[in-house]
Amino acid sequence: MSTADLSLRDRAALLHPTTHLGRHAAQGPLIIERGEGIHVWDSEGRRYIEGMAGLWCAALGYGVPELAEAAAEQVRKLSYSHLFGSKSHEPAILLAEKLKELAPFSAGKVFFGHSGSDANDTQIKLIWYYNNLIGRPEKKKIIARDRAYHGVTLGAATLTGLAVNHKGFDLPLDYVRRVRCPHFYREGLPGETEEEFSTRLADELEALIVKEGADTIAAFIAEPVMGAGGVVVPPAGYFEKVQAVLERHDILLIDDEVICGFGRTGRWFGSQTLGMRPDTMSLAKALSSGYQPISAVLIPDSMYEVLEAGSKELGVFGHGYTYSGHPVCAAVALKNLELMQQRRVVEHAAAVADRFQSRLRAFADHPLVGEARGVGLIGAVELVSDKASRRGFAAALGVAAYCQARAEAHGLIVRAMGGDTIAFCPPLVVSEADIDELFDRFARALDDTAAWLATQR
Ligand code: PMP
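Anchor point for the sequence shown: position 52 equals 51 in numbering that gives the first Met the number 0, and the numbering is continuous, going up by one each time.
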């Protein structure tokens, strides 16, 4: 089918997720047709470096034959079965064991879902259920951060701290409380060090807890590195200071590793890179390198034991999805993790991260770039109209969107986000030469953007 036909039919049939619907109706889609390694091709045969690994997920890259085979084999053997009412199957059991083996904390049990959003909904429900069972029915509020992204289901969207996911949806619901985003470039005070900034954030957190009453607050949820909120790497000492506050007030730390999990920051989990001690963990995306929709929630045995004992009081544990632990998803995720181990993909990511970070940070010298930041193989540049005052651009100008479009014209997919930030999150299998090519293309897009802006002033 021609691109023109597909474009018309797309607009007649699809309601696109997380898309400016007015602009989409006018401009139509970019239709991606196939992928191999770190590249994807569009319907006109143009090749792009997938500099975002899709939506931060294609860790092993595209078209890995072993993953296609794992899916086909499982479809032939048992295309569907479930885990309700004590039924089980081998792919789910083996994947749960693999996650327990890899987890950087003592994860006792694994609950499967199919998206990061449902994993975070599960987190909320498990913690409420748990607190009810241990006789703390008032301890229910969850603290999340401005600019956090935890998904878009009602529960998870409430934790998300981005206006675009709330406006018009009657959200957030009332159990969330919000603290400042740990964005040193934007939120740090003149003369303040990163350590001092971290101390201030921990003090603000504690003041909020005291004001609300610690006996009303169940958990604090955090991404090790914030993704969709603009790739925000927390300042030095942040999690150490925040955790001291949480521990003082008996508040659980939910670690949302949906983006950072499985090598993105140069270690298996972002919590290892950023010094977090999670109580529970959400995983998705790179768990299957995006080959199948699957997520997981990891909880400690101490929590599981309460749930198990609770069956005397509450009967059936009434939470679960038709596709919890779907055998094809589980088989593909297991193969993905085995390949990551065999091919030492996390070690590779850590080894090429120096090149990635040094090429990325060199953009800080560009007249349009206020800050270039990141860790491991994730990063972003924040575009500003005035470097000295850090002033941004008028939103209506759409500077980051323009830059993203120019990158596409140069054969590179990146993501423009709020605050005129452009994110980079390539497949973990990128080589140093790929990284150079990625940033060479981005440099052209940035220069095009500067030239265009000069005509707008
Ligand atoms: N948590 C984080 C940190 C995410 O980045 C995302 C998705 N970008 C989610 C949760 C939600 O995942 P999903 O889109 O699979 O529901």
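The beta carbon of each residue, even a glycine, is placed where N, CA and C say it ideally should be.
- A straight-line Cα-Cα distance of about 16 Å links Arg135 and Ser301.
- A straight-line Cα-Cα distance of about 9 Å links Arg389 and Tyr184.
- For Gly115, the shortest separation between its Cβ and any heavy atom of the ligand PMP lies below 7 Å.
- Across the set Glu337, Gly160, Ala406, the C-alpha of Glu337 shows the shortest separation from the C-alpha of Leu94.
- Inter-residue distance for Arg10 and Pro16 is about 13 Å (C-alpha atoms, whole angstroms).
- Taking 4 residues as the minimum length, the alpha helix (DSSP H) runs contained wholly in the segment 265–350 are 269–273, 300–313, 326–341, in order along the chain.
- Burial of Asp419 is indicated by the presence of at least 16 other C-beta atoms within 10 angstroms of its C-beta.
- Distances from the CA of Ala227 to each of Glu35, Met51, Gly410 were compared; the closest alpha carbon is that of Met51.
- The DSSP assignment places 216–221 as complete runs of the beta strand (DSSP E) inside the segment 191–244, in order along the chain (cut-off: 3 residues).
- Under the DSSP definition of a beta bridge, Thr152 lacks any partner.
- Between Val380 and Ile421, the C-beta gap is smaller than 8 Å, which places the two residues in contact.
- Under the three-state reduction of DSSP output, Asp446 falls in the helix class.
- Taken from the Cβ of Tyr290, every heavy atom of the ligand PMP lies 7 Å or farther away.
- For Val175, the enclosing beta strand (DSSP E) covers residues 175–178.
- Rounded to whole angstroms, the separation of the alpha carbons of Phe219 and Ile141 is 6 Å.
- Shown here, Arg440 sits in a helix according to DSSP, grouped into three states.
- A distance below 7 Å between beta-carbons, with the five flanking residues on each side excluded, links Gly289 to the following residues of its chain, in chain order: Gly53, Cys56, Ala57.
- Around the CB of Ala361, fewer than 16 other CB atoms lie within 10 Å, so the residue is classed as exposed.
- Secondary structure of Phe261 (DSSP, three-state): coil.
- For Leu54, the shortest separation between its Cβ and any heavy atom of the ligand PMP lies below 7 Å.
- At the C-beta level, Ser281 and Gly115 come within 8 Å of one another.
- For the 8 Å CB-CB criterion, Ile31 and Pro425 do not form a contact.
- Excluding five sequence positions before and after Phe261, the CB atoms of its chain that fall closer than 7 Å to its own CB belong to Ala58, Trp267, Ala285, Leu286, Met339, given in chain order.
- A direct Cα-to-Cα measurement between Leu306 and Gln242 gives close to 25 Å.
- Considering only Val209, Leu427, Glu304, Gln122, the residue with the shortest C-alpha distance to Asp255 is Gln122.
- Comparing alpha-carbon positions, the option among Ala387, Ile126, His182, Arg440 lying closest to Val413 turns out to be Arg440.
- Arg46 and Ile377 have their C-alpha atoms spaced approximately 22 Å apart.
- Here His409 carries a coil assignment [DSSP, helix/strand/coil].
- Look at Gly36 here: in three-state DSSP terms it is strand.
- Taking 7 Å as the cut-off, the C-beta of Asn164 does not count as close to any heavy atom of the ligand PMP.
- Ala24 sits in a helix when the DSSP states are folded into three classes.
- The alpha-carbon separation between Cys180 and Gly373 amounts to approximately 16 Å.
- Here the segment 76–86 makes contact with the segment 308–327; the two share three or more CB pairs at distances below 8 Å.
- In this structure, His149 has its CB closer than 7 Å to one or more heavy atoms of the ligand PMP.
- Only residues of its own chain outside the window of five on either side were considered, and among them Ile298, Tyr303 have a CB closer than 6 Å to the CB of Lys108, listed in chain order.
- Judged by beta-carbon spacing, Gly417 lies within the 8 Å limit of Leu161, meaning their Cβ atoms are closer than that value.
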